[in-house]
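Worksheet for the structure shown next.
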Amino acid sequence: MKRKIRVGTRGSQLATTQTKQAMAEIQAKYPDRELELIEIVTKGDRLRDQSLTSIGGQGAFVKEIEYQLMENEIDIAIHSLKDLPTVIPEELVIGCTLKRKSPHDCLITRVKDQTLENLPKGAKVGTSSLRRQAQLLKIRPDLEILPLRGNIDTRIKRLVEGRYDAILLAHAGIQRLEVAQDDVFFHVLSDKECLPAIGQGALALECRKEDTEVLDILNSLDDSDTRIAVEAERAFLRTMDGSCTFPIGGFAKVEEGNVVVEGMISNYNGTEMIREICQDQDPIQAGKQLGELLKEKGADRLIKECQTYVKNNPLHTGTLMPGSY
1 MKRKIRVGTR GSQLATTQTK QAMAEIQAKY PDRELELIEI VTKGDRLRDQ SLTSIGGQGA
61 FVKEIEYQLM ENEIDIAIHS LKDLPTVIPE ELVIGCTLKR KSPHDCLITR VKDQTLENLP
121 KGAKVGTSSL RRQAQLLKIR PDLEILPLRG NIDTRIKRLV EGRYDAILLA HAGIQRLEVA
181 QDDVFFHVLS DKECLPAIGQ GALALECRKE DTEVLDILNS LDDSDTRIAV EAERAFLRTM
241 DGSCTFPIGG FAKVEEGNVV VEGMISNYNG TEMIREICQD QDPIQAGKQL GELLKEKGAD
301 RLIKECQTYV KNNPLHTGTL MPGSY
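In the UniProt record's numbering, the protein residues as written are 1 to 325.
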């Protein structure tokens, strides 16, 4: 008799929805396998009103799930790849990355056909992401950026109530939850307008290295183009020694046998931004070269400036947004 495979994830609506979608992919290929969903409350979920930096940074959503995996309480951990630190425990491995949803950010407004260009002067825009803040202010320095917390439904409700003129969310979260409302409008931002977070839109399925049975299952579900792209993006972030609490963005794609990766680093308000593109046949090398290039052009100075800003403005920098993207 084949063993039941226990799948762990955060308990937010988005996390459980995307986990059920991933489990459906496993079940479609292995219909004889029994799967069990186990919800795990993470530090990031418990401390909803504290900044990401104050409670451990990027790993706030994943460390406890990884601990359950290492303790053999679960067999697969499913993460939004953008939440997963670039260095994971030695005992664990990313068994697969599923086909990526949209990597882009989405501007949500109450007015049809509104874009970044035609938002009213001084419009109030809700986001707690420094990456989004910096890129918006570079295009529209007149905008007022306000912190935004809560799950996707809560944030859209606050927009409808008039607390904001627009808000920014990841398009993938909207896709996965199939969000559709008559009183708001969605405008997907281009890479040129807002370079996405590292790994945004992708799911990582993590397991124990020694669990070859589960690892073989996950390997068979891997989407190679997604894996190659996120390997380049994560190599870039690792070289920059960055996290999602700093205004760092990156996106990679496979073109004619090469991995093309674009990355940017900015100060908190977008007045200084470094943005470059590198390519290589090896995704790790492409990402590493990009990180080294940005450092040569002064990235470390911008990171230090952002560290000071994060310390003095915690609500605007990596504020936790449990159950959302």
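Beta carbons: idealized from backbone N, C-alpha and C, even for Gly. These numbers come from a predicted model, not from an experiment.
So, helix, strand or coil for residue i, using DSSP?
{"i": "H171", "result": "helix"}
{"i": "residue 327", "result": "Shown here, the chain extends from 1 to 325; a query on residue 327 therefore has no answer."}
{"i": "C207", "result": "strand"}
{"i": "E73", "result": "coil"}
{"i": "E34", "result": "coil"}
{"i": "I198", "result": "coil"}
{"i": "R3", "result": "coil"}
{"i": "M310", "result": "The residue you asked about is not Met; residue 310 is Val in the sequence shown. Helix at V310."}
{"i": "E178", "result": "coil"}
{"i": "V41", "result": "coil"}
{"i": "V214", "result": "helix"}
{"i": "S220", "result": "coil"}
Express the C-alpha separation of residue j and residue i in angstroms, rounding to a whole number.
{"i": "G11", "j": "E66", "result": "15 angstroms"}
{"i": "R100", "j": "D216", "result": "20 angstroms"}
{"i": "V310", "j": "D32", "result": "49 angstroms"}
{"i": "I248", "j": "L168", "result": "16 angstroms"}
{"i": "D191", "j": "K138", "result": "14 angstroms"}
{"i": "L290", "j": "A197", "result": "15 angstroms"}
{"i": "F236", "j": "E34", "result": "38 angstroms"}
{"i": "Q285", "j": "D225", "result": "16 angstroms"}
{"i": "C306", "j": "L189", "result": "24 angstroms"}
{"i": "C194", "j": "G173", "result": "16 angstroms"}
{"i": "Q114", "j": "N219", "result": "42 angstroms"}
{"i": "D142", "j": "C106", "result": "19 angstroms"}
{"i": "G95", "j": "L205", "result": "6 angstroms"}
{"i": "E161", "j": "L92", "result": "44 angstroms"}
{"i": "I76", "j": "R140", "result": "43 angstroms"}
{"i": "I74", "j": "A170", "result": "28 angstroms"}
{"i": "M240", "j": "L148", "result": "27 angstroms"}
{"i": "Q13", "j": "V261", "result": "31 angstroms"}
{"i": "R158", "j": "T17", "result": "23 angstroms"}
{"i": "Q175", "j": "S102", "result": "8 angstroms"}
{"i": "E213", "j": "I5", "result": "10 angstroms"}
{"i": "K297", "j": "E39", "result": "44 angstroms"}
{"i": "K304", "j": "F246", "result": "10 angstroms"}
{"i": "E90", "j": "M273", "result": "35 angstroms"}
{"i": "S129", "j": "Q200", "result": "13 angstroms"}
{"i": "A299", "j": "R155", "result": "32 angstroms"}
{"i": "G250", "j": "E117", "result": "23 angstroms"}
{"i": "Q133", "j": "G8", "result": "32 angstroms"}
Taking residue i and residue j to be in contact with their CB atoms under 8 angstroms, please state how far apart those CB atoms are, rounded to whole angstroms.
{"i": "K112", "j": "F185", "result": "5 angstroms"}
{"i": "L221", "j": "K29", "result": "7 angstroms"}
{"i": "G263", "j": "L294", "result": "6 angstroms"}
Answer with buried or exposed for residue i, where buried requires no fewer than 16 other C-beta atoms within 10 angstroms of its C-beta.
{"i": "M1", "result": "exposed"}
{"i": "N313", "result": "exposed"}
{"i": "T97", "result": "buried"}
{"i": "I277", "result": "exposed"}
{"i": "D182", "result": "exposed"}
{"i": "R3", "result": "exposed"}
{"i": "D83", "result": "buried"}
{"i": "N267", "result": "buried"}
{"i": "G318", "result": "Caution applies to G318, whose pLDDT of 46 falls short of 50 and renders its modelled position unreliable; the value that the coordinates give is listed next. It counts as buried."}
{"i": "Q281", "result": "exposed"}
{"i": "V87", "result": "exposed"}
{"i": "V41", "result": "exposed"}
{"i": "G287", "result": "buried"}
{"i": "L52", "result": "Confidence at L52 is low in this model, with a pLDDT of 49, below 50, so its placement is unreliable and the value that follows should be read with caution. When all chains shown are included, L52 counts as buried."}
{"i": "T109", "result": "buried"}
{"i": "P85", "result": "buried"}
{"i": "G257", "result": "exposed"}
{"i": "A166", "result": "buried"}
{"i": "T308", "result": "exposed"}
{"i": "T271", "result": "exposed"}
{"i": "A229", "result": "buried"}
{"i": "A22", "result": "buried"}
{"i": "residue 339", "result": "Outside the modelled stretch of the chain, which goes from 1 to 325, sits residue 339, for which no answer is possible."}
{"i": "P120", "result": "exposed"}
Less than 8 angstroms between CB atoms is the rule here; does residue i satisfy it with respect to chain C?
{"i": "D105", "result": "The chain labelled as chain C is not found in the depicted structure, where only one protein chain is given."}
Alpha helix (DSSP H) segments (min. 4 residues) lying fully within the UniProt domain "Porphobilinogen deaminase C-terminal" (229 to 295): Segments of the alpha helix (DSSP H) lying fully in the UniProt domain "Porphobilinogen deaminase C-terminal" (229 to 295): there are none.
Ranges of the beta strand (DSSP E) found wholly within the region 87 to 172, counting only runs of at least 3: Fully contained in the region 87 to 172 are the following beta strand (DSSP E) runs of length 3 or more, in chain order: 92 to 97, 105 to 109, 124 to 126, 144 to 146, 166 to 170.
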